[in-house]
Every structure is written in structure tokens, then in C-alpha cells.
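A.B. asks: These protein sequences, in sequence, are chains P and H. According to the numbering used here, the first sequence is numbered sequentially starting from 1. According to the numbering used here, the second sequence is numbered sequentially starting from 1. Cβ coordinates follow ideal geometry from the N, Cα and C atoms, glycine included. Please see the structure below; I have some questions.
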Amino acid sequence: MADVCAHGLSIAYEGVDRRVDALDGLALSVADGEPVAIIGPSGCGKSTLLLAIAGLVAPDSGELLVGGTPVTGPRLHTALILQDFGLLPWKTVAHNAGLGLEIRHVAAAERSARVAEALDRVGLAEFANAYPAELSGGMRQRLALARALALDAHLLLMDEPLSALDALTREDLQGLLLDIWRQRGHTSILVTHSIEEAIFLGRRVVVLTPRPGRVAAIVENPEMGDPGFRDTPAFYERCAELRRLLAAEGALESVQSEAPHGEASAS
Amino acid sequence: MRHLRNRLLGYVGATVLLLAGWQLLAWLVGSQALPGPVPAMEAFGRTFSGDLLPEVLVSGWRVVVSMLLGSVLAVPLGLVIGRSPRVDAVAAPLIFLTYPVPKIVFLPVLLVLFGIGSLPKIALITLIVFFQILVTARDAARAIPAGSVLSVRSLGADRAQVFRHVVVPAALPDVFTALRISTGTAIAVLFFSESIAGTDGIGFYIIDAWGRIAYNDMFAGIIAMAVLGVVLYELLELAEARVCRWARVSR
């Protein structure tokens, strides 16, 4: 079981010259095997939330449970994929993919079998001995995904994993993420800046308020995962609904001048 | 293989150029103290298999031991200081205060303490190499991207595993650069300490030949010292190419 449950979650961190409240009383629950997308204005504490669920940042107050137990540190079956992919340039593709297993002291024979399977699944089998610097951006992201697959993660946390990729590669990888989720049924929490990506990959889309982050709205998106959903009118309507919600949160200030917002901001 | 051949060709070309420049300078200066490359090379060939070789071995041993000792002490210490703000708070002021002090002025102290054998020379070179590597290793450890550490920690890595998988490999290229730069300093300090006090080593050989007005022999010693530096530098290049293979790949 890898359900996630947060109650009254507050996290602050020391900024350069002041204390920054990243999350303030956030409540969120994600069912086991549910794919959820999180979207919100820049700096609304989305990444902090992921780091907390990954066990890398301790909450100041509130409750955070994964699989029914409080998070006290990195969990065996949680995988985190970061925006810059979190790959180590000095390790080969196979070594990067197996790093989680190595750190968890999985025997070498089992490790290489699981790594080979994971690399095969993301289409990197023939690059096992290459270094990350020899791969394209899309391939590096596939490698980051392979690392999570090799770990047999039940909970996959992704912090804007595709934002550095060009549009075509991005769509390709969104398809791969969906395929893998359909196949494995893991719990998936995706932080993204892209409205289309959130609707494509989140059965529920959580909209956060500007910092300190709280849940502003939740968009139910039951058709997510249906074949051809991306090309249906329902997909576009859902995107439009999400865009309106985000505009109301001030996330689109500089883009949508007609959005109802208090003060104009050029940023 | 082609890479190696190009490298050798480069060395041959550079050597020819240097020898030509040397010859030209020798003609211009026209002094006994600056013999041309031909008599100097003759002297080098004559003495190398004779009384120069033992001095080369002694000097080579001193400088290799010192550089090994200096890096073995400085690399782990520098990495720990660079990764721990608490340790850094104490260590950084100490480093900033002591790094600019020219360690070479302590040679007389070391001579009094350790005599005139290999010990004071090794101690002095170790001390100088130690500080150069320490500062580099600390800075390299501080510059490691937070994302690399975070991703490995999210996989459940403890402190030791973060060091093994991230900090050490990330800092190695910088450490190797510092090591290569410090070969020059190490050889210079070696010459200084061997020529000030002692009865062996290339430095002693050069100063001894100078005292005997045997300028060709003196140049044989100078060539030996230069070759020692080049060999050390190239060995470090080779080691780096092996250990940091990833740093040389690019798309």
C-alpha cells in the first residue's frame, strides 16, 4: 500500500534573509494506485511537498502518512524524480539505473537483472554502458524513470520531470509515463507547470494557492488514461477549467490580463 | 591509439621547438654557464646511467611520497570540511589564515627538527601539497549541485554513501587538476630543499656541479629535474583519464 495522507501540513525553511512559509496547513489524500497531478503558481511549495513525502524534508507541524505510517525518512518503495533528473554524470547508464538498489544493498546478480529489465522497458538497453552526458534530454529522463522502475517503486514522486524537454520528446514521455502507470498501477504524484500535462497524467488535479501552499481546488478528471483522451473535447474542456482555476489563483497574472486578480505583476 | 600517436607527435614537435629555442639562446648568450642542448644532452646521456641515476631515484621517491601523503591527508579532510557547514565554520578561518603563509620558510625549522636527510624535504613538500589540495577539495565539495545529493538521499543513502557515490567522484576532476598544478610547486620545493641542505638528490647534484663549474653536468641535472616533472605530470594525466573517464565524454 502506498496511499499518501497529509493533514495540517506546515513547512517553513530558512531563506536567504527571512523565514519562508512553503506550506501552511495543507491537507491532501491520495489513494493507493491513484495518479495525481499537482499544479499551482511558481513557488507555491509544490516541490517542498514532494520532498516532504519523499522523507527529505521534515514537516514543522501536521501529519504526513505514506502507506499508513508517518514519514520519517526515505522509504524503500518511494522513488523521486527531479527536474534535472538527478542522474550522476560519473556513473554509467546501468550504474545510475541500479543506484537505488545498490544503496539498498540488493545483491549484484538481482540488481543487474532488474536494471536490464528496467532499461529495456524505457528503451535504453543498448546504452547500458554509456554515460549520461552521451544521452539526449529525453533519454536522460527515461533513465531517471528506469531507476524508479528498477526500485519497483510503489509511490512515484515527480517534480516537473519533463519541463526541460522539447515539445515532441515531452509528449512521447508523457505517453511512456501513462503506459507504465497503466501497467504497474503505482501511486503517482506529479508536480507540473503544464496544464495539458496535468490533465493528461492526473486522475485528480490538485491546484495549490500561492505560497504558503494550501489546496485551492481539486479537478476531478475521471477520463484520464482512456485511450485517445488527449484528442477529445472533454480533454480541452478540462484544460480550460483548470486554466480558469489557475487564473483565479493568480498563477497566470502575466499571461491573462482579463483574469480576476488583485494586483498586476510583471513577473 | 591514434590519440596516443598524436600526443607523442605533439611532444616531439614541442621538444624540437624548445631545443631550437635553447640553442638560439645559447648562441646569443655565449656563456659557459648556458651550454647548448648538444653538450647538455651528451652530459645527460653520459651521467644518467652513472652517478645521476641514484640522485634521480632519491628525488623521485621524495616527491612521489610527499604528493601521495599530501593528497591522502588533504582530500578526505577537504571534502569533509566542504560538506559540513559546522566543521567548515571552524576549519575555514584556520585555512584562510594559514594558506597564504609561505610554508617554505619553515625549511630551517624542519632541518633542525629532522636533520638533513629525506624527512625534512618530504615534510616540506607534503605540507605545501597538502594545503593546495585541501583548498581545492573543500571548494569542489561545496560546489556539488544540491540535486545530485538530494537524488541519492531520496534513494535512502546515508552520509557515507553520499560521499562514496556523489562527493568523491564529483570532486575528483578538481582534485586531479590541483595535483597536476602542484607537481610544478613540488619539484620547485624539492630543488630548493635539496640544494639548501643535504648530500643527495637532483637538487644537490645541480648545485654540486655548479660549484665544480661543471656546467654540462649541471645541465644534465636540470634536464633530469625537468624530465621528473614531465613524467609525474603525465602519470597524473593517465590516472585521471582512467579514474574520471566520464569527464571526457560528451555528446
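Do you know how far the Cα of H:P35 is from the Cα of H:L228?
C.D. replies: Residue numbering aside, residue 228 of chain H sits at position 228 when the second sequence is read from its first letter. Residue numbering aside, residue 35 of chain H sits at position 35 when the second sequence is read from its first letter. Computed Cα separation, rounded: 21 Å.
A.B. asks: Between the region 129 to 142 of chain P and chain H, which residues of the former have a C-beta closer than 7 Å to a C-beta of the latter?
C.D. replies: From the region 129 to 142 of chain P, only Y131, A133 and E134 have a Cβ closer than 7 Å to chain H.
A.B. asks: Note down, in chain order, each residue of its chain lying with its Cβ closer than 7 Å to the Cβ of P:Q141, except the 5 sequence neighbours on either side.
C.D. replies: Position 141 of the first sequence, counting from 1, holds the residue named residue 141 of chain P. Same-chain partners within the cutoff: F85, P161, L162, L165 and L173.
A.B. asks: Give me the Cβ distance between P:I189 and P:V4, rounded to the nearest whole Å; I'm assuming they're in contact under 8 Å.
C.D. replies: Stepping through the first sequence from its first residue, residue 189 of chain P is reached at position 189. Stepping through the first sequence from its first residue, residue 4 of chain P is reached at position 4. Indeed, because the Cβ distance is near 7 Å, the residues count as touching under 8 Å.
A.B. asks: Going by C-alpha distance, which of P:R170, P:A234 and P:I81 is nearest P:A144?
C.D. replies: Here residue 144 of chain P corresponds to residue number 144 of the first sequence, with the count starting at 1. Among P:R170, P:A234 and P:I81, the Cα nearest to that of P:A144 is on P:I81.
A.B. asks: Looking at H:V38: is its Cβ nearer than 7 Å to the Cβ of H:D200?
C.D. replies: Within the second sequence, the letter at position 38 stands for residue 38 of chain H. Within the second sequence, the letter at position 200 stands for residue 200 of chain H. Contact flag unset, no.
A.B. asks: Pull up the distance between the alpha-carbon of H:I128 and that of H:V105, whole angstroms please.
C.D. replies: For this step, residue 128 of chain H is matched to residue 128 along the second sequence. For this step, residue 105 of chain H is matched to residue 105 along the second sequence. Using only the alpha carbons, I get a separation of about 11 Å.
A.B. asks: So is P:P132 buried or exposed if we call it buried at 16+ other beta carbons inside 10 Å?
C.D. replies: Locating residue 132 of chain P in the first sequence gives position 132, counting from the first residue. Buried, by the Cβ-count rule.
A.B. asks: Are the C-beta atoms of P:G67 and some chain H residue less than 7 Å apart?
C.D. replies: Sequence index remark: in the first sequence, residue 67 of chain P carries index 67 (1-based). Output row for P:G67: interface = no.
A.B. asks: Leaving out five residues on either side along the sequence, give the residues of the same chain with a beta carbon under 6 Å from the beta carbon of H:A170.
C.D. replies: Counting from one through the second sequence, the residue named residue 170 of chain H turns up at place 170. Once the five neighbours on either side are set aside, the close Cβ partners of H:A170 are I144.
A.B. asks: With DSSP as the reference, please indicate the residues paired to P:I39 in a beta bridge.
C.D. replies: In the first sequence, residue 39 of chain P corresponds to position 39, counting from 1. Partner(s): P:V207.
A.B. asks: Would H:G82 count as contacting chain P if we go by Cβ distances under 7 Å?
C.D. replies: Within the second sequence, numbered from 1, the residue matching residue 82 of chain H stands at position 82. For H:G82, the answer is no, since every Cβ of chain P falls outside 7 Å of its Cβ.
A.B. asks: Could you give the distance in angstroms between the alpha-carbon of H:V72 and the alpha-carbon of P:L101?
C.D. replies: As a first step, residue 72 of chain H is located in the second sequence; it is residue number 72 there, counting from the start. As a first step, residue 101 of chain P is located in the first sequence; it is residue number 101 there, counting from the start. Approximately 30 Å between the Cα atoms of the pair.
A.B. asks: If contacts are defined as beta-carbon pairs under 8 Å, then H:S195 and H:G203 qualify, I think. What distance do you get, rounded to the angstrom?
C.D. replies: Working through the second sequence from its first residue, we reach residue 195 of chain H at position 195. Working through the second sequence from its first residue, we reach residue 203 of chain H at position 203. Contact flag correct, Cβ pair sits at about 4 Å.
A.B. asks: Determine the chain P residues that contact H:R153 at a beta-carbon separation under 8 Å, and present them in chain order.
C.D. replies: Taking the second sequence and counting its residues from 1, the one referred to as residue 153 of chain H is at position 153. Simply L56 and P74.
A.B. asks: Note down the Cα distance separating H:F48 from H:I207, rounded to an integer number of angstroms.
C.D. replies: On the second sequence, residue 48 of chain H is found 48 positions in, with the first residue counted as 1. On the second sequence, residue 207 of chain H is found 207 positions in, with the first residue counted as 1. C-alpha separation (whole angstroms): 16 Å.
A.B. asks: When you compare each of P:E223, P:L76, P:A108 and P:F127 to P:A234 by their alpha carbons, which one comes out closest?
C.D. replies: Residue mapping note: residue 234 of chain P aligns to position 234 of the first sequence, counting from 1. The residue with the shortest Cα to Cα distance from P:A234 is P:E223.
A.B. asks: Can you list, in chain order, the residues of its chain whose CB lies under 8 Å from that of P:T92, leaving out five sequence neighbours each side?
C.D. replies: As a first step, residue 92 of chain P is located in the first sequence; it is residue number 92 there, counting from the start. The answer, listed in chain order, is A128, N129, A130 and Y131.
A.B. asks: Would you please state the rounded distance, in angstroms, between the beta carbons of P:G40 and P:T209? I believe it to be under 8 Å.
C.D. replies: In the first sequence, residue 40 of chain P corresponds to position 40, counting from 1. In the first sequence, residue 209 of chain P corresponds to position 209, counting from 1. Yes, P:G40 and P:T209 are in contact; Cβ-Cβ is about 7 Å, under 8 Å.
A.B. asks: H:P76 versus chain P: which residues are under 8 Å apart at the beta carbon?
C.D. replies: Residue 76 of chain H sits at position 76 when you count from the first residue of the second sequence. Neighbours of H:P76 on chain P: none; closest Cβ ~18 Å, over 8 Å.
A.B. asks: Mind checking whether the beta-carbon of P:L143 lies closer than 6 Å to any heavy atom of the ligand HEM?
C.D. replies: This structure does not include the ligand HEM; it has no bound ligands of any sort.
A.B. asks: Distance check for P:L56 and H:S154, CA to CA, integer angstroms please.
C.D. replies: Here residue 154 of chain H refers to the residue found at position 154 when the second sequence is read from its first residue. Here residue 56 of chain P refers to the residue found at position 56 when the first sequence is read from its first residue. Roughly 7 Å separates the two Cα atoms.
A.B. asks: If we cut at 7 Å on Cβ distances, does H:V249 have a partner in chain P?
C.D. replies: To locate residue 249 of chain H, count along the second sequence from 1; it is residue 249. Chain P, which has a Cβ nearer than 7 Å to the Cβ of H:V249, makes this yes.
A.B. asks: Report yes if the CB atom of H:Y215 is closer than 7 Å to the CB atom of H:A33, and no otherwise.
C.D. replies: What you label residue 215 of chain H is simply residue 215 of the second sequence in a count that begins at 1. What you label residue 33 of chain H is simply residue 33 of the second sequence in a count that begins at 1. Yes.
A.B. asks: When the Cα of P:G73 is compared with those of P:T187, P:A79, P:G67 and P:A58, which residue comes out closest?
C.D. replies: Locating residue 73 of chain P in the first sequence gives position 73, counting from the first residue. The residue with the shortest Cα to Cα distance from P:G73 is P:A58.
A.B. asks: Is the CB of P:R211 under 7 Å away from at least one CB in chain H?
C.D. replies: Start at 1 with the first residue of the first sequence, and residue 211 of chain P comes out as number 211. P:R211 does not count as touching chain H.
A.B. asks: Which residues, in chain order, does the region 101 to 118 of chain P contribute to contact with chain H at a C-beta distance below 7 Å?
C.D. replies: Here the close residues are I103 and R104.
A.B. asks: Reducing DSSP to helix, strand and coil, say where P:G55 ends up.
C.D. replies: Counting from 1 along the first sequence, the entry for residue 55 of chain P is found at position 55. In this structure, P:G55 counts as coil in the three-state DSSP scheme.
A.B. asks: Give the secondary structure of P:H7 by DSSP, where H, G and I count as helix, E and B as strand, and everything else as coil.
C.D. replies: Stepping through the first sequence from its first residue, residue 7 of chain P is reached at position 7. Three-state result, P:H7: strand.
A.B. asks: Would you call the region 157 to 174 of chain H in contact with the region 94 to 108 of chain H, where contact means no fewer than 3 C-beta pairs closer than 8 Å?
C.D. replies: Touching, no.
A.B. asks: For the beta strand (DSSP E) that contains H:D51, what are its first and last residues?
C.D. replies: For the purposes of this step, residue 51 of chain H is identified with residue 51 of the second sequence, where counting begins at 1. No beta strand (DSSP E) holds H:D51; DSSP gives it neither H nor E.
A.B. asks: At 4 residues or longer, what runs of the alpha helix (DSSP H) sit wholly inside the region 62 to 147 of chain P?
C.D. replies: Listed in chain order, the complete alpha helix (DSSP H) runs (minimum 4 residues) inside the region 62 to 147 of chain P are 93 to 97, 99 to 103 and 108 to 121.
A.B. asks: In its own chain, which residues sit with a C-beta less than 6 Å from the C-beta of P:S267, not counting the 5 before and 5 after it?
C.D. replies: Here residue 267 of chain P refers to the residue found at position 267 of the first sequence. Note that P:S267 has pLDDT 40, beneath the 50 cutoff, so the model's placement of it is unreliable and no number is given.
A.B. asks: Which value, in whole angstroms, describes the spacing of the CA atoms of H:V230 and P:L76?
C.D. replies: As a first step, residue 230 of chain H must be located in the second sequence, where it is residue number 230. As a first step, residue 76 of chain P must be located in the first sequence, where it is residue number 76. The alpha-carbon atoms of H:V230 and P:L76 are separated by roughly 50 Å.
A.B. asks: Quick one: is H:P85 near chain P, going by C-beta distance under 7 Å?
C.D. replies: Working through the second sequence from its first residue, we reach residue 85 of chain H at position 85. It does not: the Cβ of H:P85 has no partner Cβ on chain P nearer than 7 Å.
A.B. asks: Could you list the residues in the region 128 to 154 of chain H with a C-beta less than 9 Å from some C-beta on chain P, going in chain order?
C.D. replies: So the list reads P145, G147, S148, L150, S151, V152, R153 and S154, given in the order they occur along the chain.
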